[in-house]
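Participant: Residue numbers (this note's numbering), protein chains in the order written: chain P, 47 to 383; chain W, 414 to 1016.
Take a look at this one; I'll ask things after.
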């Protein structure tokens, strides 16, 4: 059966083999996204350099203390490298970054990079577990409640859902932490109150970190699920009469992931920052306690190093989210190019 | 409805009441708590340290013997004022930042937008912590740090809103008149983006309050001897083993205040932006007294010679709290084997609903009922919600469905081939490989070029006509005895329409597949179909063969009027084309059944 295809059949082909590498939408997308990452890193490093420069008054005097003798202030100035011209300081800052030398902590005399390397794993653990938990829980629950309340069904369930997630959503992580500690560690004595030891010590910090974000993201996922369930292609899928697992898992979920991940990128970033508060409640041996101590102790090199760490972690997560996005749904990301 | 009326309406709901109570309570404690309890809250009493709750101290005392509850109330002022100050500064800065790209324009504007986008990537708390390095540890510094941290986010919101207004005609008109850019922004842009900015500011204030408490809790905000909720929390949490009140009471205060700002934002949102969605409350109140349909379930009533036979079908939608509005009323029809039956009618006449209820695709809140239904040798039991569950197993085998808009009816996230092959795996017991081979054969049958390669493509790589043919290919995976087609050519251009019609006609001739074809285009229907059903305002008003229809033997006035609108070679060229006026009413009498309707509705 050979019928000449009409002109309407000549569709635009995305990513044909004949195209050059720079025309390939994948390559150009990754290039643009990579550029954005590089520029953001540049801004991050420059800002953390400027943190010390912008301190009103004399940073060396503030760091050494109000009552410190003049020679101690000058010694501190040399230690911080503030006696050199600003441009030299800036270049040295970058040079140090590339050679893994972020300076030396003023209080502990340890290299900043060593402090970060020893304390970062604890922070990364709870951050990544909480991020994964948030994503999985809110996608499952949001999809479930979207399916239950679609087409204005079960208004009672909807009231309960909106109320519960609304209240949980406004509880900040540090309060969630305190409430959880009181009930589960102090009162019921089920898990350790603080510190990092075995599995059970991870539960409360992770839940405290994930709770508010999960509530917020679940609401968003449900709204997106209702939106997807209204689409014509879901009706098509229904007409094929498949079991709910396949309908929701195969036909609804991929369309849901795109918008959900787009929105959740920013939320995951704020969870990274939230670890600072949570770690301070649970005396978690990560960087959250260190950054507060170093700000109060005017330990500027350490502060700068930790801020670069947190900032690049956030940027990295956003980058990963975007790359996952175009892998799941090449159309949305690539059509923009 | 004006904003004032909406305000009164929203304040009458539980949500509005809670918001009002919350706001006034917060305002009261902010203004008066330090005046009333300030002295008592400052008094230390070393004899009464960390006491449990008593009559004198509702929630007990803290580490210096001070009343926890009163200290929490007094701390309202500092917490709320600092949060509001931070919000005011942050919102102002954000608005300026967001409008600046419009005012400067060009390259400078683009750099500002790029800067905003990079700023947004960093979480607010991290920015606030970073800025507190510069500003030092004090309440004002923390408020300023929060304000600065809030600016990129708010700036982006402002810029997005303003940019959407910027393209409108009245802006262009003002620019042509030579009004200075800053004046256009102030006079024309800002008033048009004001409402969403206000709603967002209320939500932002809640976030600022929580963030400020967070900084104070870390020791980077309010310093002793002053205290806000975060500071109280900081002092209380170290004693949580002894007594929970010093930590939990200010904690609850933070949550309640945060909730108040969220509620305020919700209420403002409802007042400032009209929402047509039915409220939850009205949906809960709606009683499910289903529409009254005389259910005389008599299976013998159906025509067992037909592929499809439906008797007395009703579809209704909820109209208000207790009533139902009928959309389809008492429709009965038969489709014989190998027949192509057309169903025509204007938009809203219920023709698509009829088809969808046959396919069991009507979803809540709509409600379907019917006396009897029969498909290909089997009587169908309708479930209470109108779903013909017995039909489920026939889909993909003996029954296929083609939808109106092939652009939206294929899943954009799945390969077309997967969607075509799916019925084979779901219903025909094929393996993945078998289903793929069968699907490629079917894609070839519906003349998809290079079917093997195109199997792996996504819908957006197909043209509209190809998508519709792929859709039909999916229906042909089994050996359907009936294809339900809901306006399958409406969304396509004319040449592609002809292709799809030819394809359907070819399937009908080659396989003897019956087709039920819904369309609003009577010209298409008369050329394709052997018989035509005419729907009008939820009723089936005419059941006529295409030949009779073409020969002007239509009986119902609506059908006649519809036929008049079709131009022919003999149509007079000097007169305007016939049309049916909007206010025309052909519903005379209760013509609810095609069998009896024609006689009644004559003249």
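Quick reminder that beta carbons are idealized off the backbone N, C-alpha and C, glycines included.
1) Within 8 Å, do at least three Cβ pairs link the segment 647-657 of chain W to the segment 671-687 of chain W?
2) Can you give me the Cβ contacts of residue 417 of chain W inside the same chain, cut-off strictly under 8 Å, excluding the 5 residues immediately before and after it?
3) Taking only beta carbons into account, state which residues of the segment 665-690 of chain W come closer than 7 Å to chain P, listed in chain order.
4) Given this structure, state the Cα-to-Cα distance separating residue 80 of chain P from residue 104 of chain P, to the nearest angstrom.
5) Using the DSSP secondary-structure output, state which residues sit across from residue 949 of chain W in a beta bridge.
6) For residue 971 of chain W and residue 721 of chain W, what's the separation of their Cα atoms in angstroms?
7) For the candidate residues W/589, W/685, W/545 and W/597, whose alpha-carbon lies nearest to that of residue 627 of chain W?
8) Apart from the five residues on each side of it in sequence, which residues of its chain come closer than 7 Å, Cβ to Cβ, to residue 707 of chain W?
9) Might you give, ordered along the chain, the residues of its own chain that have their beta carbon closer than 8 Å to the beta carbon of residue 1009 of chain W, omitting 5 neighbours on each side?
10) I'd like the span of the alpha helix (DSSP H) that includes residue 619 of chain W, first residue to last.
11) Looking only at C-alpha atoms, which of W/666, W/759 and W/494 sits nearest to residue 994 of chain W?
12) Residue 924 of chain W lies in the beta strand (DSSP E); which residues open and close that run?
13) Taking the straight line between their C-alpha atoms, what separation do you get for residue 660 of chain W and residue 469 of chain W?
14) Does the Cβ of residue 366 of chain P have 16 or more other Cβ atoms within 10 Å, making it buried, or fewer, making it exposed?
15) Can you tell me where the alpha helix (DSSP H) with residue 239 of chain P in it begins and where it stops?
16) Closer than 8 Å, CB to CB, is residue 187 of chain P near chain W or not?
17) Decide yes or no for the touch test of the segment 140-157 of chain P against the segment 256-272 of chain P: beta carbon pairs closer than 8 Å, at least 3 of them.
18) Excluding sequence positions up to five away, which residues of its chain have a Cβ less than 7 Å from the Cβ of residue 893 of chain W?
19) Can a CB atom of chain W be found closer than 8 Å to the CB of residue 300 of chain P?
20) Short check: CB of residue 676 of chain W to CB of residue 444 of chain W, under 8 Å?
21) What whole-angstrom Cβ distance do residue 300 of chain P and residue 826 of chain W have, given they're in contact under 8 Å?
22) According to DSSP, what are the bridge partners of residue 278 of chain P?
23) Does the ligand MN have even one heavy atom less than 7 Å from the beta-carbon of residue 900 of chain W?
24) Tell me the residue span of the alpha helix (DSSP H) that contains residue 860 of chain W.
25) Restricting to Cα atoms, I'd like to know which of W/467, W/491 and W/583 is closest to residue 451 of chain W.
26) Starting from residue 755 of chain W, follow its DSSP beta bridges and name the residues at the other end.
27) Under 8 Å, Cβ to Cβ, is there at least one residue of chain P near residue 818 of chain W?
28) By how many angstroms is the C-alpha of residue 951 of chain W removed from the C-alpha of residue 183 of chain P?
29) Within its chain, find whatever has a CB closer than 8 Å to the CB of residue 1017 of chain W; leave out the 5 residues flanking it on each side and keep chain order.
30) Output yes if chain P places a C-beta closer than 8 Å to the C-beta of residue 1018 of chain W; else output no.
31) Going by alpha carbons, who is nearest to residue 876 of chain W out of W/895, W/910 and W/851?
32) So is residue 642 of chain W buried or exposed if we call it buried at 16+ other beta carbons inside 10 Å?
33) Kindly give me the distance between the Cβ atoms of residue 681 of chain W and residue 612 of chain W, rounded to whole angstroms, as I take these residues to be in contact under 8 Å.
34) As a quick exercise: from P/152, P/167, P/115 and P/87, pick the residue whose alpha carbon is nearest that of residue 340 of chain P.
35) Straight-line CA distance for residue 84 of chain P to residue 295 of chain P?
36) Classify residue 326 of chain P as buried or exposed, calling it buried when 16 or more other Cβ atoms lie within 10 Å of its own Cβ.
Facilitator: This is what the structure holds:
1) Result no; under three Cβ-Cβ pairs closer than 8 Å.
2) none
3) 667, 668, 671, 672 and 675
4) 38 Å
5) W/952
6) Note on geometry: alpha-carbon atoms of residue 971 of chain W and residue 721 of chain W lie some 26 Å from one another.
7) W/545
8) For residue 707 of chain W, the pLDDT reaches just 47, beneath the cut-off of 50, and the residue's location in the model is therefore unreliable, although a value from the coordinates is still provided. Excluding residues within five positions, none has a Cβ falling inside 7 Å.
9) Only weak support exists for where residue 1009 of chain W lies, its pLDDT of 36 falling under 50; the value from the coordinates is given anyway. Correct list: empty, nothing qualifies.
10) 603-631
11) W/759
12) That residue, residue 924 of chain W, is in no beta strand (DSSP E); its alpha helix (DSSP H) goes 907-924.
13) 19 Å
14) exposed
15) Where residue 239 of chain P is concerned, there is no enclosing alpha helix (DSSP H), given that its DSSP letter is neither H nor E.
16) no
17) no
18) Cβ within range, chain order: 811, 812, 813 and 926.
19) yes
20) no
21) About 4 Å separates the beta carbon of residue 300 of chain P from that of residue 826 of chain W, a gap short enough to meet the 8 Å contact definition.
22) Paired residues: none, contrary to the question.
23) The ligand MN is absent from the structure shown, which contains no ligands of any kind.
24) Run containing residue 860 of chain W: none; DSSP gives neither H nor E here.
25) W/491
26) W/930 and W/945
27) At a cut-off of 8 Å between beta carbons, residue 818 of chain W contacts chain P.
28) 45 Å
29) This structure leaves residue 1017 of chain W out entirely; chain W is present only between 414 and 1016.
30) In the structure as shown, chain W begins at 414 and stops at 1016. Residue 1018 of chain W is therefore absent and cannot be evaluated.
31) W/910
32) buried
33) The Cβ separation is near 5 Å, so the contact holds.
34) P/152
35) 36 Å
36) buried
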